[in-house]
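Q: Before anything else, here's the structure in question.
There are 4 protein chains.
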Amino acid sequence: MSYSFRNDYSEGAHPAVLQALTDTNREQTVGYGMDPRCAAAADTIRGLCHAPEAAVHFLIGGTQVNFVTIDAFLQSYEAVIAAATGHIAVHETGAVEATGHKVCTVESPDGKLTPAMIESVLAGHNGTEHMVLPRLAYISDTTEIGTVYTKAELTALRRCCDEHGLYLYLDGARLGCALTSLENDLTLPDLAALTDGFTIGGTKNGALFGEALVLPRPLPHYRWHMKQRGAVLAKGRLLGVQFQTLLKDGLYFDLARHANALALRLRDGMAALGYPFPVASPSNQQFPVLPNETVERLQRLGYEFEIDHPVDGDHTCIRLVTSWATPETAVEDFLRDLAGC
Amino acid sequence: MSYSFRNDYSEGAHPAVLQALTDTNREQTVGYGMDPRCAAAADTIRGLCHAPEAAVHFLIGGTQVNFVTIDAFLQSYEAVIAAATGHIAVHETGAVEATGHKVCTVESPDGKLTPAMIESVLAGHNGTEHMVLPRLAYISDTTEIGTVYTKAELTALRRCCDEHGLYLYLDGARLGCALTSLENDLTLPDLAALTDGFTIGGTKNGALFGEALVLPRPLPHYRWHMKQRGAVLAKGRLLGVQFQTLLKDGLYFDLARHANALALRLRDGMAALGYPFPVASPSNQQFPVLPNETVERLQRLGYEFEIDHPVDGDHTCIRLVTSWATPETAVEDFLRDLAGC
Amino acid sequence: MSYSFRNDYSEGAHPAVLQALTDTNREQTVGYGMDPRCAAAADTIRGLCHAPEAAVHFLIGGTQVNFVTIDAFLQSYEAVIAAATGHIAVHETGAVEATGHKVCTVESPDGKLTPAMIESVLAGHNGTEHMVLPRLAYISDTTEIGTVYTKAELTALRRCCDEHGLYLYLDGARLGCALTSLENDLTLPDLAALTDGFTIGGTKNGALFGEALVLPRPLPHYRWHMKQRGAVLAKGRLLGVQFQTLLKDGLYFDLARHANALALRLRDGMAALGYPFPVASPSNQQFPVLPNETVERLQRLGYEFEIDHPVDGDHTCIRLVTSWATPETAVEDFLRDLAGC
Amino acid sequence: MSYSFRNDYSEGAHPAVLQALTDTNREQTVGYGMDPRCAAAADTIRGLCHAPEAAVHFLIGGTQVNFVTIDAFLQSYEAVIAAATGHIAVHETGAVEATGHKVCTVESPDGKLTPAMIESVLAGHNGTEHMVLPRLAYISDTTEIGTVYTKAELTALRRCCDEHGLYLYLDGARLGCALTSLENDLTLPDLAALTDGFTIGGTKNGALFGEALVLPRPLPHYRWHMKQRGAVLAKGRLLGVQFQTLLKDGLYFDLARHANALALRLRDGMAALGYPFPVASPSNQQFPVLPNETVERLQRLGYEFEIDHPVDGDHTCIRLVTSWATPETAVEDFLRDLAGC
């Protein structure tokens, strides 16, 4: 009757993933991701992306793949442009700065970066050696507040980046939920065509852990960057096996669809009860505003979730996250309990 | 009839570990290692180490735990002392230097660091601001070439470090094999008493991945260092569950004993066939010297191993590694096939 | 008839400084700032600051002293709070980030940081290992837009920093002009009492180059930080000689008073001609708004200055900077020529 | 009757340099080295080097130009090869490592790097992502122990570097003394043809400070690297003026010849008195071995010099350094006093 909507990595892996890890457990392979399982998973991803020349690397976590990759793209005096809500700007403990690069942030009402925002950052830089050179635009899909990019938006960003000589990197920690969102019209081949790098997040969508990085144009010596930052898994095969399993027969997308569907059920149910959602999220993170006492009652009932921010003295915006593992009953219980609050 | 002696992370996890991951798969916990499973595993480790005040952190891999921890110990102008064969000096792609610290190396015939070696490095530094300040001695047990430290040796190192104001850090990627080696007289409580930090390696001894870091005197804000370097696992519980399982009823040590026993069987069998072992290793890595043609014949038979270095035009030193997963038959087959070469 | 108001380091050194360098030229001293001239200058500064326990270091330039010192104050996961206009946030090519630290910026209408701004930044950080820890407040006096801090303001900042465990660092690249501004009520002893570190800028006030760093509570091993970052001048004595000369009989302050007086003459003259000054600066940088065609006419007449920013399609905000070296005639010529534009 | 042979930067600048600084003191120029004086000095250097396409940058000191330039050449996983006595490996407080790069050292009896030494370092690296990639060979001329490279030696290094894809960087902090040494057959055009970058040291040969970096093939965005590391002098013109003066009519080489001649006079005089010189140095640093009591007597007489290292219980190797500023009488006094010891 209680459930944690705290995040989408509260549980372990989808049973099929665990089964595959069990089935392949005694296989002997070379380490570090140079094994046939990783090769096969990379091939699958290249195929799904229609990007036969792409490099595919498997890293362990989101912060890791973000800072290693951004650092690999940039010279030391080059900087990143990100929305002020961007994960790298807020929740990665300055990991990008720890590799020496400034993150130039710009306010965004919905967590999405636009060409106008990029250009406003560029306008604040004079192109001389006295300032950093913004060189890479960081976006996430879904964003940190659940919104998703459309193909038109991503195409406009690509055009803007091309015009200004910027790389475009997309953090896909929740890419499954983005691509299966009802508002989405992007595909994996679109991402491969429109970005210089993007990740397919496993951690939040059925894997024990793991992010697949797709580089449509391979970065030379990327594996040196990985190794130097501790991002090469000894038993690299574990990542290949997990992604092979998730990407087979569309399981990855089925899991994300489930998460999205339950999130929309939460949203619609709560909206019907009169709770406002200041940001319209079509994906697995929902940000309703509740009276403080309702928040406390839900917590006393055993529901867990993150407090996003206080809205006013009496109201709080919370975050509810669903995942592949969330049972329908948890959502229905929550709505029923909320109605009774 | 063929087998890979390439390393001790060729396979997955011990079945008990996989089973525990399966059993706990649907548990909902908070992320990042703040969960009850990690807390329990940390408690177990504190207990085994007789170190109730110690901090225990779970990281993902060996390079990662080494550079994050060394950097956490040091100020930016401080340096590390390591044997020239030390893993951080050779096989971690300059990860420690990438965090800004020099690694001062000293030749060691058996891979072990001695007080005399430390003092020879210190003698080359004048204590002024024109040179780095060596501040931490890095050792590994087993060493990269299979040797192990005795309690007398570690005690002498501790005394030397105290005398010169150095931290002593022990990389225990193969700690199981060290502590169960026939030449060993060290215990976990000894390590907690004699070092400023040491790791209990899971990756090479039964886990899918994971290194437990024990800090007898906690380092403030160590988790910030972890997070900034991408070393916090989202589903941190996976690490807790694995170490709980491995450390229950001595499984961890049983697995290492198995690896060592098979390695000694390899050593003795090969020595009986007349192959020399220039370095005497009492643990799960063995470094015999073979004629080049024998090496090639073994490879053609399907045996895998690493070439350590050419000895002369006709001979090669190879590395054979056994693990918890190595079947006795693999060793017997290998010896029989070698006898027939 | 033409003059460059581009900056306050267009010329060389005050003649007395050059003379002192000439007079001491053949003195033999030990290098790196360990010489009697530096010792004497440091003593003078400690005396002027009423800070007998302070450490005084001499560095070469402003960016250098900022990043070396900020990095020396901070642990790797700690961050800086600065006004969005702060020199380190804008014009130092990410030098602070290149040492691994995030700079958290906050908008400020007049370039000054306030306790409320600091607290707004802190409010955006949750104190967990998922975010950087803001640990140092960076301010400059004069600010980058010419404003100066009052004693009440600095005292409030100190109190705020104490409350939140922050260091307070003051970039005094233009400290002479700040302390001699008509709006100033701060003294060197106040700065020593209220900050954790501040610089006395020589480069922009009579020296060939050089910034004196005052650390009321010495930072251990600061000279190692300096040396590692290339901030130790071989002939360190040059810095001691220059500061000795500048600080003798108040020359340093006389030079700054001259610069301020001419800047106010420019301001008043231009205001009398009807040109607006959106930011009220009481120091040697003035930011008037002129019609674009007036800007161009002045440039054609040979006047040099920086374009600060376009105000609208027809108007531009320029920066006029005076210094110890600016002749009164240059200002009068400029005003006369402007009146004729 | 006393004199400091401690180093070649004990005094200020050659009088002609001081005069030029005085003559140009009130010139107004743009800052940061973008002025006509720096442009003229760069042109002069390009002319002297027969390298019309070369980039010439002026930095402040030796450690600074070394680490900024080495970092600019390298990707983050790339490393430097240097003699164990190399300045960057010993006396720069890990400045290169502080930018993230490993320095791989190799023993050298005379301080010079050879192709065989480079290849021995390369042989220890396997070219995989598990190890750093050595990418730049660092040499100094004169070396830290006074020896100089011949054209044949430098040509062989160039060939070796080409063969292995390495950059060749020459630290010319004492380049004047190298190029005017009796054993030298290299010219500035040779250096431009044979290296990827070299410095012309001003600090130790007549300037107040300053190193000119010559990049035969310009490095893109080098000035961003400079600025980010605090290596751009505000009044950059000071560097241009100094190098213009030193390079006019061969003054730079005359000063170095003077230093060398006095050093050889010291050497010959001491050798005649029976003191051995284990390393044969043809340049301005000499390393004689003296009985400890003689060392003490000289010190009591007021002579200053550095203790290089103890040779045995009774003897010490000291370093005597001459410069443009050393008077002949100092050398004669020293020899006479030594004879009387």
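Chains as they are written, first to last, in this note's numbering: chain A, 0 to 340; chain B, 0 to 340; chain C, 0 to 340; chain D, 0 to 340. Glycine included, every Cβ here is placed at the ideal spot set by N, Cα and C. All of these numbers come straight from a predicted model, not from anything done at the bench.
1. So does the stretch 175-195 of chain A actually touch the stretch 48-67 of chain B, counting three or more Cβ pairs closer than 8 Å?
2. Taking C-beta to C-beta, are B/G200 and B/Q241 nearer than 7 Å?
3. Buried or exposed for D/Q18, please, with buried defined as at least 16 other CB atoms from any protein chain shown within 10 angstroms of its CB.
4. With DSSP run on the structure shown, which of helix, strand or coil describes D/Q284?
5. Cutting at 8 Å between CB atoms, please list the residues of its own chain near A/T149, excluding the five before and the five after it.
6. Any idea what DSSP makes of C/R36, helix, strand or coil?
7. Closer than 7 Å, CB to CB, is D/A122 near chain C or not?
8. Sort out for me which residues DSSP pairs C/C340 with in a bridge.
9. Following the continuous alpha helix (DSSP H) through D/G268, name the residue where it begins and the one where it ends.
10. Check the Cβ-Cβ distances between C/Y76 and every residue of chain B, and say whether any is below 7 Å.
11. Quickly, what does DSSP pair D/D170 with across the bridge? List them, please.
12. Do you know offhand how far C/D248's Cα is from C/L254's?
13. Taking Cβ to Cβ, would you say A/Y2 is nearer than 7 Å to A/A329?
14. How about C/A94 and D/Q227: do their beta carbons lie closer than 7 Å?
15. From C/I53 to C/G46, what does the alpha carbon distance come to, in whole angstroms?
16. Under a Cβ-count criterion, where at least 16 other Cβ atoms within 10 Å of its own Cβ denotes burial, should C/D34 be classed as buried or exposed?
17. For a cutoff of 7 Å on Cβ pairs, would you count A/E128 as touching chain D?
18. So, under 8 Å CB-CB, C/G61 and C/E210 are touching, yes? Tell me the CB distance rounded to an integer number of Å.
19. Helix, strand or coil for D/G239? Go by DSSP, reduced to three states.
20. Would you grab the beta carbon distance between B/R25 and A/A39 for me? Rounded to a whole angstrom, and I think it's under 8 Å.
21. Is any beta-carbon of chain C found at less than 7 Å from that of A/E96?
22. Across which residues does DSSP place D/I306 in a beta bridge pair?
23. Pull out every residue of the stretch 125-152 of chain A whose Cβ sits closer than 7 Å to any Cβ of chain B, in chain order.
24. According to DSSP, simplified to helix, strand and coil, what is D/S119?
25. How would you label A/P133, buried or exposed, when you count the other beta carbons within 10 angstroms and need 16 or more for buried?
26. Quick one, are the C-beta atoms of B/D140 and B/V147 less than 7 Å apart?
27. Give a yes or no on whether the C-beta atoms belonging to A/A206 and A/A12 are separated by under 7 Å.
28. Just to confirm the assignment, what range does the beta strand (DSSP E) spanning C/E106 have?
29. What does a CB cutoff of less than 7 Å around D/R266 pick up in its chain, not counting 5 residues either side in sequence?
30. Is B/G99 close to chain D? Criterion is C-beta to C-beta, closer than 7 Å.
31. Could you spell out where the alpha helix (DSSP H) holding B/A211 opens and where it closes?
32. Is any beta-carbon of chain D found at less than 7 Å from that of A/Q63?
33. Just grab the DSSP bridge partners of D/G301 for me.
34. Between which two residues does the alpha helix (DSSP H) carrying A/E77 extend?
35. List, in order along the chain, the chain B residues whose C-beta lies closer than 7 Å to that of D/V89?
36. How would you list, in chain order, the residues of chain A whose beta-carbon sits under 7 Å from the beta-carbon of D/K226?
A: Once the coordinates are examined:
1. no
2. no
3. exposed
4. strand
5. E182, N183, D184 and L185
6. helix
7. no
8. The partner list for C/C340 (beta bridge, DSSP) is empty, contrary to what the question assumes.
9. L250 to A271
10. yes
11. D/S139
12. 12 Å
13. yes
14. yes
15. The sequence shown places Ala at residue 53 of chain C, rather than the Ile named in the question. Straight-line Cα distance between these residues: approximately 10 Å.
16. buried
17. yes
18. 6 Å
19. helix
20. In fact, because the Cβ distance is near 28 Å, the residues do not count as touching under 8 Å.
21. yes
22. D/I317
23. none
24. helix
25. buried
26. yes
27. yes
28. From DSSP, C/E106 is part of no beta strand (DSSP E); its letter is neither H nor E.
29. F276 and Q285
30. yes
31. Segment E210 to L214 is the beta strand (DSSP E) holding B/A211; no alpha helix (DSSP H) there.
32. no
33. BP columns for D/G301 are empty, so no partner.
34. No alpha helix (DSSP H) holds A/E77; the beta strand (DSSP E) holding it covers E77 to A82.
35. M130
36. E128 and H129
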